[in-house]
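Peer 1: Quick one: this structure, given as structure tokens, is what I'll be asking you about.
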Amino acid sequence: MSEEIRIGVFICHCGGNISDTVGVVHVKEAMGSLEQVKVADTFEYLCSNPGQETIKKAIKEHKLNRVVVASCSPRMHLDTFRQAVKSAGINPYLLEMVNIREHCSWVHDVKEKATNKAIALLRGAVERARYLEPLTPKSLKVTKSVLVIGGGIAGIYSALELADKGYQVYMVERNPSIGGHMAQLSKTFPTLDCSACILTPKMVSVSQHPKIKIFTNAEPIAVEGSPGNYQVKIKIKPRYVDLEKCTACGECAKKCPVKKPSSFEENLVQEKAIYIPFKQAIPNAYTIDKDYCLFLTRGVCRICERFCKGEAIDFTQEDEIADLNVGAIVVCTGYSLIDPKLFGQYGFGLHPDIITNLQFERLMLQGLHKPSTGEVPKKVAFILCVGSRSTATNGVGYCCKIGCMNAIKHALLLDKAVPGAEPWIFYTDVRAHGKGYEEFYAKAREHLATFIRGRAAEVMPNGNGVIVKAEDTILGQQIEELFDLVVLSPALIPNTETQELAEMLGIDLGPDDFFLEVHHKLRGVETKREGIYITGCAQGPKDIRETTMESMATASKVATFIGKGKISVSPGVAYLIPGRCDLCGICIDRCPTKAIKKGKKEAIIDPISCVGCGICVPLCPQEAIDLKHCTESQLIAQIQGVSEEGETSPKIIAFLEKMTAYGSADLGGQNRRSYPPEVRIVGVPSTGRLGIKPLLHAFAAGADGMIFIEGDDSLFKEDQLREHVIQLKKDLGKFGIEPLRLQSTTTTLPQYEKIMSLFDAFVERISKIGPLSQEKREELKKYLAGEQYATRYAT
Amino acid sequence: MQHDMQHEKDNHSERMKLVASLTSKRARQDFVKEVMKMPGGENILDCIQCGLCAGSCPTRFAMDYSPMQIIKMVHLGMREKVLSSSTIWICSTCYICYTRCPRAINFTTLMMSLRNLAIEENFVDKNGIKPKFHRSFFEIVNKYGRLHEPELFTRILKKSDLKSLFHNAALGWRLWRRGKLQIRAPKIEQNNDLFSILERTSKEGS
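Those protein sequence lines, which keep their order, are chains A and B.
For the numbering used here, count along the first sequence from 1 and bump the result up by 42.
For the numbering used here, count along the second sequence from 1 and bump the result up by 85.
Take a look at the structure:
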């Protein structure tokens with residue numbers, strides 16, 4: 043860059059909010075004396091129109107090409123000032139903002155100290171401004187098609203909504219038919235609608251929609267690309283029946299000699315090795331189970347082939363791979379039931395009359411009977427919370443959310459179907475939280491279902507019946523009753539391949555092992571990777587109503603994302619410095635958004651997937667990566683500036699991740715939570731961006747302690763932060779700097795008190811340790827100027 | 086009439102007392118914190134009052150409060166009621182509540198801790214039958230390495246009354262005839278190892 047750097051500094055009074063505590067005139071004088079600063083000025087309200095005009099005028103008058111604005115938090119007015127400088131002909135990324143309100147004037151009382159701190163913060167910004175580069179946001183075309191993984195009710199609803207909006211939808215289902223768990227249900231609560239009657243028309247719509255293509259017996263095996271342009275490989279397993287030719291007449295199944303338990307009927311009945319899961323299956327065609335078929339296991343039989351009039355049987359089918367280009371992916375992989383055998387006291391598997399609630403659904407549809415004798419059960423125990431709400435081994439901590447209503451539904455259906463039936467419900471707490479649920483609960487009580495408040499302790503087979511033992515905690519006494527049938531409500535757990543899929547897609551699982559959304563309330567269907575969405579029970583247990591509503595919300599989010607046609611990406615992304623990379627692969631493993639790929643000679647960083655967290659920068663042993671808009675030189679210049687300025691002792695630099703942690707400190711400022719002015723805050727994309735080099739520069743320039751604060755929701759996770767800081771402490775130790783001079787924590791936005799009390803405690807600690815000695819600083823400076831500089835992790 | 090009113094009034098003030106004792110947050114916190122420091126009490130605040138322990142307990146019928154109720158009473162800071170309850174002494178330490186508890190609360194160990202506290206704070210007579218039984222039990226185990234029933238029986242007997250001797254004589258006879266009672270003290274192999282374990286654990290325990 044040959045052009046001369048001409049910096050303008052503008053300081054806002056904020057109508058006294060700043061100028062009452064910070065001596066703005068003093069700051070202005072200090073800034074005006076710096077090199078390359080052509081103009082320094084103050085204004086009552088810089089964000090106002092006249093304020094912006096002042097900046098624009100100064101830009102033209104002094105031919106400025108860098109602008110530093112010291113005012114409120116950049117979270118508030120960064121866009122305002124970027125627009126202002128842009129309209130004056132300067133690239134918006136050549137503007138630097140300093141927060142001297144939330145992080146200075148609002149949190150300090152002594153004017154002199156606050157002024158000194160403001161000068162230090164501004165000095166850092168001016169130093170950084172010298173190294174700023176013009177940047178332009180990238181934009182990329184988005185593929186207007188969507189992949190829906192999972193063909194249950196969540197997938198069906200998302201797919202229909204999106205296809206109706208005009209986008210091409212690909213639906214991938216692992217089973218031979220779409221429909222999911224909802225197809226297995228008898229009735230739905232609390233309206234007692236027939237489940238199949240409301241689901242199957244939707245399944246038909248999916249199959250007939252011109253914009254939806256269904257892949258059954260299929261699953262994704264690889265996902266590549268970036269938001270807006272994902273390339274997905276789908277593996278389609280053979281069903282050995284030609285979908286086009288099969289008319290589902292059923293002749294083959296009549297003749298097939300092999301029987302197997304039906305998974306659709308929850309293993310309660312047997313079906314043939316060539317089977318259709320249920321009559322209304324979509325696609326409506328038979329499938330051969332290759333684990334049971336005699337021809338496929340032993341090479342004999344082929345009876346079905348002889349009897350099929352449509353010649354639909356095709357044993358030559360093999361695995362097929364389909365390549366899809368999609369703009370967005372919707373994950374709706376649903377749930378499984380936890381294995382009740384994990385909890386020995388319920389005796390699941392010991393007696394055929396101890397069943398799960400899903401099996402009870404199938405029994406209702408088959409004509410209610412006891413699996414053992416075929417008699418009609420009269421007295422039925424419904425046992426809730428099998429494995430749910432448990433912190434012990436095997437169990438899950440969360441509530442299954444549907445068990446209570448489901449048991450109440452079963453009690454009512456039983457009461458209707460069997461005259462003189464006696465449903466007993468053993469509950470922990472009845473959770474009737476949804477619309478119409480409490481009324482539904484009342485209805486069950488009106489029908490004289492027996493509610494026992496107490497988790498069933500033991501289920502014991504006893505001849506023709508099953509004994510349930512429990513404590514009625516309201517009466518305070520133990521009860522033992524003989525039942526015809528015992529129905530367990532197992533906890534809902536994520537489907538088996540959830541972990542695998544999460545790794546393939548590069549998205550996170552929560553502590554409950556379900557897919558994790560970005561924000562519990564505000565971004566409930568988005569994942570950390572743009573363009574990938576989660577919906578339905580894949581995200582956590584929920585009922586059908588919640589699932590359909592969430593699916594529609596997801597469809598809307600997807601449409602907003604791909605509907606724009608192009609995607610604009612922040613230019614603050616990592617880039618490779620050519621000629622240095624030796625393909626060690628550390629960054630590829632650690633990138634939280636999978637933005638780095640292995641190239642032929644060097645790693646390739648995808649600027650669309652990269653979110654600019656900068657974790658990769660200090661990780662690279664070759665120093666081959668840098669982060670735009672927070673380059674090593676910009677960062678070091680800023681830190682040096684902040685550390686050098688002023689005489690306060692000790693000097694603490696707090697590095698705050700610029701979204702949550704920085705916002706939390708802003709909140710502390712808004713609440714006027716004061717802390718020692720020795721703490722100077724520097725915003726960074728993530729604290730993982732900071733390697734040992736910037737820290738050494740800071741210590742050399744005058745800092746005495748560092749604090750890393752990361753947002754709780756950041757891509758740089760708490761354990762990674764801990765690991766990173768432990769490594770940095772070790773490295774600091776090698777340079778003879780006490781590891782106690784570095785501390786880290788994570789925070790959520792409202793937890794500003796946590797940050798501020800850390801500031802208090804840390805300043806006290808560093809005061810006790812005392813400032814870093816002058817000799818050490820000189821030693822560091824010599825080291826940093828010397829040759830060893832390149833070998834960062836000196837061993 | 087007057088009597089009724091008086092009764093009503095008493096009842097009311099009794100209730101108010103209960104309310105006051107329940108809402109004294111300080112007392113509650115103190116007792117909960119104390120119990121949480123005991124072995125077995127670490128995670129009592131996790132209890133969701135599901136009643137699985139009470140339903141599983143084989144000696145529940147003889148208890149005045151169920152295990153679940155004891156935990157609730159600890160939560161509410163009802164120190165006297167907890168420490169003077171029969172529950173903590175009736176627990177046969179079968180551990181079934183602990184193995185089944187969905188919140189992994191080690192109720193059995195907690196019972197033993199509460200017994201110790203009850204003795205320390207004189208909620209039971211130190212020389213009464215309950216502490217005596219437990220003390221004799223451990224003394225015999227410390228002596229032989231395992232339990233010797235006749236000795237346990239005579240020890241408790243000596244220190245209580247003679248009536249029960251006749252009461253239990255018939256049972257003793259039947260047991261002896263089936264070879265269930267050994268007059269001689271039992272011996273175990275490597276009892277020295279066991280004694281050193283017992284010695285160390287008792288030191289650490291105190």
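Glycine is no exception: its CB is placed at the ideal position from the N, C-alpha and C atoms.
Here the structure is a predicted model, which means the values were calculated and not measured.
G437 (chain A) touches chain B at which residues, Cβ-Cβ below 7 Å?
Peer 2: Neighbours of G437 (chain A) on chain B, chain order: P187.
Peer 1: Taking C-beta pairs closer than 7 Å, name the residues in chain B that E523 (chain A) reaches, listed in chain order.
Peer 2: Within chain B, no residue comes near E523 (chain A); the closest Cβ sits about 12 Å away, beyond 7 Å.
Peer 1: So what's G208 (chain A) in DSSP terms, helix, strand or just coil?
Peer 2: Coil at G208 (chain A), not helix or strand.
Peer 1: Let me check you understand the geometry: is the CB of T122 (chain A) closer than 7 Å to at least one non-hydrogen atom of the ligand ZN?
Peer 2: With respect to small molecules bound, the structure shown includes none, and the ligand ZN cannot be examined in it.
Peer 1: Skipping 5 residues on each side, what residues in its chain have a beta carbon closer than 6 Å to that of G582 (chain A)?
Peer 2: Result list for G582 (chain A): F556, in chain order.
Peer 1: By DSSP's criteria, V140 (chain A) is part of a beta bridge. Which residues make up the other side?
Peer 2: Its beta-bridge partners are A:A112.
Peer 1: What are the start and end residues of each continuous beta strand (DSSP E) run of 3 or more residues lying completely inside the stretch 220-270 of chain A, in chain order?
Peer 2: With a minimum length of 3 residues, the continuous beta strand (DSSP E) runs that stay inside the stretch 220-270 of chain A are 254-257, 260-268.
Peer 1: Using a beta-carbon distance cut-off of less than 7 Å, what residues from the stretch 464-483 of chain A approach chain B?
Peer 2: The stretch 464-483 of chain A vs chain B, Cβ under 7 Å: T470.
Peer 1: Rank B:A270, B:R113, B:G230, B:G264 by C-alpha distance to the C-alpha of D278 (chain B) and give the top, closest one.
Peer 2: Of the listed residues, the one whose Cα sits closest to D278 (chain B) is B:G230.
Peer 1: Using a Cβ cut-off of 8 Å, pull out every chain B residue sitting near C427 (chain A), in sequence order please.
Peer 2: What C427 (chain A) touches in chain B: C135, P187.
Peer 1: Rounded to whole angstroms, what's the CA-CA distance from Y835 (chain A) to P663 (chain A)? Just pull it up for me.
Peer 2: With a pLDDT of only 40 at Y835 (chain A), under the threshold of 50, the placement of this residue in the model should not be trusted; the figure read from the coordinates follows. Distance between the alpha carbons of Y835 (chain A) and P663 (chain A) is about 8 Å.
Peer 1: Select from the stretch 485-500 of chain A all residues with a C-beta closer than 8 Å to any C-beta belonging to chain B, and list them in chain order.
Peer 2: Listed in sequence order: R495, G496, R497, A498, A499, E500.
Peer 1: Under 8 Å Cβ-Cβ, which residues of chain A neighbour M153 (chain B)?
Peer 2: Simply E513, T515.
Peer 1: Where do the ends of the alpha helix (DSSP H) carrying Y229 (chain B) lie?
Peer 2: Per DSSP, Y229 (chain B) belongs to the alpha helix (DSSP H) from 214-229.
Peer 1: With a threshold of 8 Å between beta carbons, is F222 (chain B) in contact with chain A?
Peer 2: Output row for F222 (chain B): interface = no.
Peer 1: Within the same chain, show all residues whose beta-carbon is closer than 6 Å to that of E293 (chain A), passing over the 5 residues directly before and after it, in chain order.
Peer 2: Same-chain partners within the cutoff: F349.
Peer 1: Counting pairs of Cβ atoms below 8 Å between the stretch 155-171 of chain B and the stretch 517-524 of chain A, do you hit three or more?
Peer 2: Touching, no.
Peer 1: Helix, strand or coil, according to DSSP, for N399 (chain A) in the structure here?
Peer 2: Three-state result, N399 (chain A): helix.
Peer 1: DSSP state of D278 (chain B), grouped into three classes?
Peer 2: Three-state DSSP puts D278 (chain B) in a helix.
Peer 1: Going along chain A, which residues have a C-beta under 8 Å from F192 (chain B)?
Peer 2: Within chain A, no residue comes near F192 (chain B); the closest Cβ sits about 12 Å away, beyond 8 Å.
Peer 1: What separation, rounded to the nearest whole angstrom, lies between the Cα atoms of E169 (chain A) and G683 (chain A)?
Peer 2: Each residue's Cα considered, the two are about 6 Å apart.
Peer 1: Does the distance from the C-beta atom of L88 (chain A) to that of V265 (chain A) stay below 8 Å?
Peer 2: Cβ distance not < 8 Å, so L88 (chain A) and V265 (chain A) don't count as in contact.
Peer 1: Closest Cβ-Cβ distance between T389 (chain A) and chain B: below 8 Å?
Peer 2: Note on residue identity: the sequence assigns Gly, not Thr, to residue 389 (chain A). No, its Cβ sits nowhere closer than 8 Å to a Cβ of chain B.
Peer 1: Can you grab the Cα-Cα spacing for the pair S237 (chain B) / I181 (chain B), in whole Å?
Peer 2: Per the sequence shown, the amino acid found at residue 237 (chain B) is Leu instead of Ser. If I take the Cα positions, the gap works out to 25 Å.
Peer 1: Shorter than 8 Å from the beta carbon of A147 (chain B) to some beta carbon of chain A?
Peer 2: False, the Cβ-Cβ gap to chain A never drops below 8 Å.
Peer 1: Suppose you measure from the CA of H739 (chain A) to the CA of A679 (chain A); what does that come to, to the nearest Å?
Peer 2: Taking the straight line joining both Cα atoms gives about 9 Å.
Peer 1: Below 7 Å CB to CB, which residues in the same chain sit around L202 (chain B) once its five sequence neighbours on both sides are set aside?
Peer 2: Closer than 7 Å at the Cβ level, and outside the excluded window around L202 (chain B), lie L168.
Peer 1: Is it true that the CB of L407 (chain A) sits closer than 8 Å to the CB of S531 (chain A)?
Peer 2: Against a cut-off of 8 Å, the Cβ pair of L407 (chain A) and S531 (chain A) comes out as no contact.
Peer 1: List, in order along the chain, the chain B residues whose C-beta lies closer than 9 Å to that of A449 (chain A)?
Peer 2: Within chain B, no residue comes near A449 (chain A); the closest Cβ sits about 15 Å away, beyond 9 Å.
Peer 1: Going by beta-carbon coordinates alone, are E752 (chain A) and E699 (chain A) separated by less than 8 Å?
Peer 2: Yes. Within cutoff.
Peer 1: Would you call the stretch 436-445 of chain A in contact with the stretch 199-206 of chain A, where contact means no fewer than 3 C-beta pairs closer than 8 Å?
Peer 2: Too few Cβ pairs lie closer than 8 Å, so no.
Peer 1: Are the stretch 324-335 of chain A and the stretch 214-226 of chain A touching by the rule of at least three beta carbon pairs closer than 8 Å?
Peer 2: Touching, yes, given that three or more Cβ pairs across the two stretches are closer than 8 Å.
Peer 1: Quick one: is S171 (chain B) near chain A, going by C-beta distance under 8 Å?
Peer 2: No, S171 (chain B) lies away from the interface with chain A (no Cβ there is under 8 Å from its Cβ).
Peer 1: Does chain B have any CB closer than 8 Å to the CB of Q520 (chain A)?
Peer 2: Chain B contact via Cβ: present.
Peer 1: Closer than 7 Å by beta-carbon distance: list the chain B residues that pair up with R431 (chain A), in chain order.
Peer 2: Those are I133, P187, listed as they occur along chain B.
Peer 1: Quick one: is S177 (chain B) buried, meaning 16 or more other Cβ sit within 10 Å of its Cβ, or exposed?
Peer 2: That one is exposed.
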